[in-house]
Amino acid sequence: MNESATSNVTVGVETLRDLYVTMRRIRAFEEKTADLFQEGVVKGTAHSYKGEEAIAAGVCATLRDDDIIASYHRGHGHCIAKGARIDRMMAELMGRQTGYCQGLGGSMHIADMELNIMGANGIVGAAMPLATGAGLAARLQGTDKVAVAFFGDGASNQGVFHESLNLAAVWKLPVIFVCENNQYALSTSYRNTTAVSQVAHRASAYEIPGITVDGNDGVEVYLVLREAVDRARAGEGPTLIEAMTYRHGQHSLRVNLRDPRPEDELEEWMSRDPIVRMEERLTSEGAFSADEFDETTQAVEDELESAVSYGRESPEPAVQVMLDAVYAPHAAHGEPGADSTGRMLSYPEALNEALEQEMLRDERVFLMGEDVGATGGIFGVSKGLMERYGPERVRDTPISEATFVGCGVGAAIAGMRPVVEIQIFDFVALTMDMLVNQAAKFRFMLGGKPSVPLVVRGPQGGGIRLAAQHSQSLEAWFTHVPGLVVAAPSTPYDAKGLLVAAIRDDNPVVFLEQKLLYLGGTGPVPEELYAIPLGKADIKRAGSDVTIVATSAMVPRALSAATVLERDGISAEVVDPRTLQPLDEETILASVRKTNRLLIVHEAWVRGGFGAEVAAMVVDKAFDWLDAPVARLGAPHTPMPYNDRLELEVIPSQERIVEAVRGLV
């Protein structure tokens, strides 16, 4: 335990009383929740905080209202200690619309951004990158706010634990990492899975303070946290605190296994019940009388009964509540007129100008990723931005994609507008939890209230001989996920306008830049700032005999093919969706109704590719207008080869597009 931090230090009577009342409210909530689960009123599962109340009470007592906490699946106590209303929490656990998340989140996702509770989280360790992002936002906003990440002992073996500590330490962020070491996962002791004797020892690897405290002593927790909070507010960086504790029940209310914990160990920890210890301290210091204990008990019981009634009497959410919670409304942008100045930019130059102009317009916009600073990224998209905006707003990150994307998610939730670059987009596989389980679902899990204005961008696809792990086109992964916006511009003009719109959007946007387009010459781009509406397709060439829906780098090849086909008397209309989600279905359908034939071309694999979704949509909604089966052209079901001749075989060419159209017509 950390004797030096708490010896000869006292706390005021009011603090003791507040800690005790918070702990009692948490205990009563958990006991009532367990009863309701047995009744079938609380469904699914819940993870009880009973036995660990001193940690949440002690930590949150040191925080201000504007400080942020990020929690995990055992998060009821954190929310109560941070000021959440028990009636709305109970309604959420019952799946009612009056709950904090309108019944869409439940126990594992309960949160309220108005109280700066970033959420309980069902993914082990996810709170750490999110809180790191909130700490970065506080730094960029020039405040002295602090972010706290709560997590269990098992999460200390996740990669994001080490990545988050490293990132927070490198940038000296005001983040406090609180490990609630209750010593067991579902059934396995942490001593059988963790190489160090104490999780706090791992702090030394990152040259930050690491402190182990008695997590069943609310006063000790409070005093150590107060010191860590003061340190964070002073700009001295993060602290890792390990609070040793013990849950009274099993891993979750749903688990019905033999309790693996030794009986003598269980009895020893039960004798160290944090609430009993606090009552003994209050009595010994004369801070509470017997009558006051009774009054507190009655008040807590009355509050719980009222909360249960509130939940039972509340309505269940309607289907429309669920549907409306997925996406924030897209900002309205007028389609800019065609550029008549003759000013030409390359694809990377257009992206660079979009970033530069948006960073100038909005101080919340910042860029981070590997090597985005002095070198401007390996394709030069961020060239010159660090010189203009400095290392605070153009941030070179460690090679830790999962955490710096998660950091971007947390910063976006906390009020910034991050643009995160994935150096080669194949590496996005390392970030899937943060994109799919955090960015995409955060608004939904919190009942459709918060926004996540994040852009994750970078180069995908083949054509430059980088072989199988650096050449994939993965857009179908992201269009499948509710909550994500997916943009894929094909021209410098579209690249600038869509990136501006993506930065301004209140949803997480996956912004795909095909490598072949970096090498594709120049195009007209207005110097003025403009935004192209998300979800608005563009007819790149009008035609009457066949529709070619082409995406990204396949658009210029489709246009070249259309020129060749015109010599044969075949008039091809080329439609560029520009954004794959939301998809402008009506423009595609109107074109098919006119031409009666459809070819879909993309660089990605045909099987399970985005083209299958377009084909299904057209067959569902325009079948009667089709004079031929819908055709798809893409990569065969093989990874990208290194050999240059074979690489050319994999990526659809102008000649193959011409051949496919002739087969249709």
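For the sequence shown, this note's numbering gives the first residue as 399, with consecutive numbering after it. Just so you know, even glycine gets a beta-carbon here, dropped at the ideal spot from N, CA and C. Note that the coordinates shown come from a computational prediction; the quantities given were computed from them, not determined experimentally.
Give the secondary structure of Lys430 by DSSP, where H, G and I count as helix, E and B as strand, and everything else as coil.
helix
In angstroms with no decimal places, state the Cα-to-Cα distance between Ser446 and Ser798.
32 angstroms
Please name the residue in Ile1049, Thr496, Gly449, Val763 whose C-alpha comes closest to that of Ile862.
Ile1049
Closest to Asn555 by CA distance: which of Ala566, Gly523, Trp875 is it?
Gly523
When you compare the CB positions of Gln912 and Glu1011, do they come within less than 8 angstroms of one another, or not?
no
Residues in its own chain within less than 6 angstroms of Gly846 by CB, not counting five upstream and five downstream?
Asp722, Ala723
Could you work out which residue in His1035, Ala432, Ala489, Gly493 is closest to Ala705 when comparing CA atoms only?
Ala489
Considering only the beta carbon of each residue, do Ala1013 and Ile998 sit closer than 8 angstroms?
yes
Pull the bridge partners of Asn579 from the DSSP assignment, please.
Its beta-bridge partners are Met642.
Could you tell me whether the Cβ atoms of Thr985 and Val973 are closer together than 8 angstroms?
Contact: yes.
Given Asp1025, which residues of its chain have a CB within under 7 angstroms of its CB, disregarding the five upstream and five downstream residues?
Asn994, Arg995
Between Leu910 and Pro980, is the Cβ-Cβ spacing less than 8 angstroms?
Taking 8 angstroms as the Cβ cut-off, Leu910 and Pro980 do not qualify as a contacting pair.
Taking the straight line between their C-alpha atoms, what separation do you get for Ser464 and Thr420?
For the sequence presented, residue 464 should be read as Asp rather than Ser. Distance between the alpha carbons of Asp464 and Thr420: 19 angstroms.
Which one of Glu790, Val627, Tyr708 has the shortest CA to CA distance from Arg483?
For Arg483, the closest of Glu790, Val627, Tyr708 by C-alpha to C-alpha distance is Tyr708.
Going by Cα to Cα distance, which pick from Ala940, Lys934, Ala866, Gly895 is closest to Asp372?
Lying before the first or after the last residue shown, residue 372 is absent from the chain, which here runs from 399 to 1063.
Hey, could you find the ends of the alpha helix (DSSP H) Ala547 is sitting in?
Looking at the DSSP string, Ala547 is not in any alpha helix (DSSP H); the run it does join, the beta strand (DSSP E), is 545-550.
Tell me whether Val457 is buried or exposed, calling it buried when 16 or more other Cβ atoms sit within 10 Å of its Cβ.
buried
Give the single residue among Ala960, Lys938, Val944 whose Cα lies nearest to the Cα of Ser950.
Lys938
Can you grab the Cα-Cα spacing for the pair Ala729 / Val907, in whole Å?
13 angstroms
What would DSSP say about Ser554, mapped onto helix, strand or coil?
helix
How would you write the range of the alpha helix (DSSP H) that His474 sits in, first residue to last?
474-479
Which stretch, first to last residue, makes up the beta strand (DSSP E) that contains Val439?
First-last for Val439: undefined, no H or E at that position.
Of the choices Pro727, Ala630, Val763, Val803, whose alpha-carbon is the least far from that of Thr541?
Ala630
Starting from the C-beta of Ser371, find all residues in its chain whose C-beta is less than 8 angstroms away, skip the five residues before and the five after it, and write them out in chain order.
Residue numbering for the chain in the displayed model covers 399 to 1063; residue 371 lies beyond these limits and cannot be assessed.
When the distance is taken between beta carbons, is Glu714 closer than 8 angstroms to Gly501?
yes
Is DSSP giving Leu765 helix, strand or coil here?
strand
Who are the Cβ neighbours of Ala598 in its own chain at under 8 angstroms, not counting the five residues just before and after it?
Cys577, Gly608, Ile609, Thr610, Leu638, Ile639, Glu640
Excluding sequence positions up to five away, which residues of its chain have a Cβ less than 7 angstroms from the Cβ of Asp903?
His728, Ala729, Pro851, Val883, Leu932
Between which two residues does the alpha helix (DSSP H) harbouring Ser390 extend?
An answer regarding residue 390 cannot be provided, because it is not within the stretch 399 to 1063 covered by the chain.
Of all the options Gly633, Trp1003, Gly557, which has the alpha carbon lying nearest to the alpha carbon of Ala874?
Trp1003
Decide if the segment 787-801 is in contact with the segment 765-775; the criterion is three or more beta carbon pairs, one per stretch, under 8 angstroms apart.
The segment 787-801 vs the segment 765-775: in contact.
Which term fits Ser1075, buried or exposed, when burial requires 16 or more other beta carbons within 10 angstroms of its beta carbon?
Past the boundaries of the shown model lies residue 1075; the chain is included only from 399 to 1063, so the question cannot be answered.
Decide if the segment 529-537 is in contact with the segment 801-811; the criterion is three or more beta carbon pairs, one per stretch, under 8 angstroms apart.
yes
Going by DSSP in three states, Leu584 sits in which element: helix, strand or coil?
Correct three-state label for Leu584: coil.
Determine the closest residue to Arg472 out of Thr496, Glu512, Thr431, with distance taken between C-alpha atoms.
Thr431
From which residue to which residue does the alpha helix (DSSP H) around Asp974 run?
Looking at the DSSP string, Asp974 is not in any alpha helix (DSSP H); the run it does join, the beta strand (DSSP E), is 970-974.
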